[in-house]
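Asker: Residue numbers for the sequence shown follow my numbering, beginning at 1 and rising by one.
Let me begin by handing over the structure; questions about it come next.
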Amino acid sequence: MEIQQYASPIGDGTQRLAYWFAEGLESWLTGTGSQVYGMLTAKATSAMAHSEAYQVFISTCCFRNVSFLFANRAIFNAAVGRSRLHIVDYGFSYGFQWPELLRWLAARDGGSPEVRITHIDLPQPGLHPGKHMEEIGNRLTDIARELDVPFKYRAILAEWQTVCIEDLDLEPDEVLAVNDLYNFRTLMDECVVMGSPNPRDVVLSNISKMKPDVFVQSTVNGSHGTFFLSRFRGALFFYSALFDMLDATMPRESKLRLALERAVFGWVVLNAIAYEGKDRVERGETYKHWQVRNQRAGLRQLPLDSETVKMARDMVKNEYHKDFVINEDHQWLLQGWKGRILLAHSTWEADGGSS
Numbered sequence: 001m002e003i004q005q006y007a008s009p010i011g012d013g014t015q016r017l018a019y020w021f022a023e024g025l026e027s028w029l030t031g032t033g034s035q036v037y038g039m040l041t042a043k044a045t046s047a048m049a050h051s052e053a054y055q056v057f058i059s060t061c062c063f064r065n066v067s068f069l070f071a072n073r074a075i076f077n078a079a080v081g082r083s084r085l086h087i088v089d090y091g092f093s094y095g096f097q098w099p100e101l102l103r104w105l106a107a108r109d110g111g112s113p114e115v116r117i118t119h120i121d122l123p124q125p126g127l128h129p130g131k132h133m134e135e136i137g138n139r140l141t142d143i144a145r146e147l148d149v150p151f152k153y154r155a156i157l158a159e160w161q162t163v164c165i166e167d168l169d170l171e172p173d174e175v176l177a178v179n180d181l182y183n184f185r186t187l188m189d190e191c192v193v194m195g196s197p198n199p200r201d202v203v204l205s206n207i208s209k210m211k212p213d214v215f216v217q218s219t220v221n222g223s224h225g226t227f228f229l230s231r232f233r234g235a236l237f238f239y240s241a242l243f244d245m246l247d248a249t250m251p252r253e254s255k256l257r258l259a260l261e262r263a264v265f266g267w268v269v270l271n272a273i274a275y276e277g278k279d280r281v282e283r284g285e286t287y288k289h290w291q292v293r294n295q296r297a298g299l300r301q302l303p304l305d306s307e308t309v310k311m312a313r314d315m316v317k318n319e320y321h322k323d324f325v326i327n328e329d330h331q332w333l334l335q336g337w338k339g340r341i342l343l344a345h346s347t348w349e350a351d352g353g354s355s
C-alpha cells in the first residue's frame with residue numbers, strides 16, 4: 001500500500017500514525033486483525049514498563065490529570081458532611097486516580113469518612129484472572145493505612161451489564177458515587193446486539209436504579225461507527241490529533257513513548273479499524289450521543305462546578321503545553337488539542353434525585 005511508504009513506528013507523529021493505520025487497513029483487507037494483535041501482545045512490554053510509560057504520559061499530557069481532578073472533586077463534594085463513602089468503579093484501571101482523593105479525604109475537617117471501593121472489571125486471561133485487581137486493592141489499602149483512612153476494597157470479576165444493585169451491598173447511609181473513566185466506550189451497543197437491551201444501555205439503566213449521589217462519566221469524544229469507512233474517518237480524525245500531541249510532548253527517541261504507542265494507542269487504532277462485530281472493542285460515541293443515551297436511561301445531568309472548571313483551566317495553562325484545550329458545552333467539560341475536542345466529562349444523578 002502507498003501509505004506504507006510514509007509510515008514508521010519511530011518517525012514523527014504523522015509517520016507513526018500512518019504506520020498504525022497501515023497495519024489496521026492491511027489487517028482489515030486481509031482479515032488478519034487477530035493475528036496482528038497476537039503479534040502485538042507477544043511484543044508487549046512488561047507490566048512495570050507499561051506502568052512507567054503510562055506515568056510518563058500522565059506527566060506530559062493533561063488529559064488524565066484533568067480527568068482525575070474532575071472525578072475526584074465531584075466525589076469529594078458529594079461526600080461533604082457524610083461519614084461513609086462508597087465508590088463503584090467500572091473498568092480496567094491501575095488505581096492511579098484514588099490516592100489523591102484519599103489524601104483529600106484524610107485532610108478533611110472532621111476527619112475522613114469510611115471509604116469503600118467496589119471495582120467491577122472483566123476477568124483477565126491467564127491463571128490468575130483477578131490478579132491485577134488484587135494488586136490495585138493491596139496498593140490502595142496500604143496508602144489508606146498510611147493516611148489513617150478507614151478503607152475497604154472489593155473486586156467483582158464479571159461482565160459489567162450482569163452486575164445488579166443486589167451485588168453491590170449498598171447501604172442507605174452511604175454516599176454512593178459511580179465512576180466511569182473512559183471505559184463505557186467498549187460496551188457493545190445496539191449496532192451489535194439487536195432485538196434485546198444492549199449492554200451499554202443495560203449498564204446505564206442499572207446505574208440509574210442505584211440512585212447514586214453522583215455518577216461521573218468521562219468519555220472519548222469519537223465516533224467509531226458500524227461501517228468501515230465511517231470508522232476509518234472517525235479514528236483518523238481522533239488519532240491524528242492524539243499522535244500530533246504525543247509528538248509535541250514526548251521525545252521521538254523515547255522507549256517509553258514507543259511502548260505506550262504499541263501497547264495502548266496502536267492496539268486501539270488496530271481494533272477500531274480492522275475488527276468487525278463482537279470482535280471490535282473500540283465503540284466510541286460523541287459526548288452528545290452519550291447525553292441522549294444517559295437521559296434515556298433515566299439520568300439527569302448536573303451542572304458543572306465552577307471551581308472545578310477554574311482549577312482545570314489553571315492546571316492546563318500553568319503546567320502543560322499551550323496547545324491543550326479546555327472548554328465547556330452544555331454542562332460538559334471538554335478537553336482537546338489544537339481546537340479538536342477529544343474527551344468530555346460530566347456528572348449525573350438519577351432523574352428524581354439520589355437516595
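Glycine included, each C-beta is placed from N, C-alpha and C at the ideal position.
Everything numeric in this text was worked out from a predicted model, so none of it was measured.
(1) Could you name each continuous beta strand (DSSP E) segment of 3 residues or more that falls completely within the stretch 211-274, going from the start of the chain to the end?
(2) Distance, Cα to Cα, A274 vs R84?
(3) Within a Cβ cutoff of 7 Å, which residues of the same chain sit near D247, ignoring the five residues on either side of it in sequence?
(4) My output table needs one value for K338: the three-state DSSP class, helix, strand or coil.
(5) Can you check whether the CB of M188 is closer than 7 Å to the CB of N198?
(6) DSSP on A350, reduced to helix/strand/coil?
(7) What separation, rounded to the nearest whole angstrom, lies between the Cα atoms of A78 and I58?
(8) Mapping DSSP to helix, strand and coil, what is T186?
(9) How about the stretch 254-266 and the stretch 289-300: do they share at least three Cβ pairs that are nearer than 8 Å?
(10) Going by C-alpha distance, which of T60, Q161, L102 is nearest Y90?
(11) Do you know offhand how far T41's Cα is from R283's?
(12) Return helix, strand or coil for R16, following the three-state DSSP convention.
(13) Taking its Cβ as the centre, do 16 or more other Cβ atoms sit within 10 Å of H330, making it buried, or is it exposed?
(14) Spell out a yes or no on whether the stretch 56-74 and the stretch 133-147 are touching, meaning 3 or more CB-CB pairs, one atom from each, closer than 8 Å.
(15) How far does the alpha helix (DSSP H) with G102 in it reach, from first residue to last?
(16) Rounded to a whole number of angstroms, what is the C-alpha to C-alpha distance between V269 and H119?
(17) Measure the alpha-carbon distance for L229 versus E159 and round it to whole angstroms.
(18) One question on the structure: do A272 and R231 come within less than 7 Å of each other, judged by their Cβ atoms?
(19) Identify the residues that DSSP records as bridge partners of T118: which are they?
(20) Taking the alpha helix (DSSP H) that I143 falls in, what are its first and last residues?
(21) Mind checking F151: buried by the 16 CB within 10 Å criterion, or exposed?
(22) For V175, which residues of its own chain have a beta-carbon under 6 Å away from its beta-carbon, when the five flanking residues on both sides are left out?
(23) Leaving out five residues on either side along the sequence, give the residues of the same chain with a beta carbon under 7 Å from the beta carbon of S51.
(24) Nearest to R145 by CA position, among F68, A106, K288, is which residue?
(25) Check whether the Cβ atoms of A71 and V216 lie closer than 7 Å to each other.
(26) Just how far apart, CA to CA, sit H289 and C191?
(27) Cα separation between F21 and P303?
(28) Check for me: the beta strand (DSSP E) holding I165 runs from which residue to which?
(29) Please list the terminal residues of the continuous alpha helix (DSSP H) segment that includes L69.
Answerer: Quick answer:
(1) 214-220
(2) 46 Å
(3) D12, G13
(4) coil
(5) yes
(6) strand
(7) 26 Å
(8) helix
(9) no
(10) Q161
(11) Legend: pLDDT at T41 = 49, less than 50; position of this residue unreliable, value from coordinates given subsequently. C-alpha separation (whole angstroms): 21 Å.
(12) Of the three classes helix, strand and coil, the one that applies to R16 here is helix, per DSSP.
(13) exposed
(14) They do not touch, by the three-pair rule.
(15) Correcting the residue identity first, residue 102 is Leu in this sequence and not Gly. Per DSSP, L102 belongs to the alpha helix (DSSP H) from 98-106.
(16) 27 Å
(17) 30 Å
(18) yes
(19) V88, R154
(20) 131-147
(21) buried
(22) Here the set comprises A78, A79, R82, L85, D213.
(23) Y94
(24) A106
(25) yes
(26) For the pair H289 and C191, the Cα-to-Cα distance works out to about 14 Å.
(27) 38 Å
(28) It is not in any beta strand (DSSP E) - I165 carries neither H nor E in the DSSP assignment.
(29) Looking at the DSSP string, the run of the alpha helix (DSSP H) that includes L69 is 63-78.
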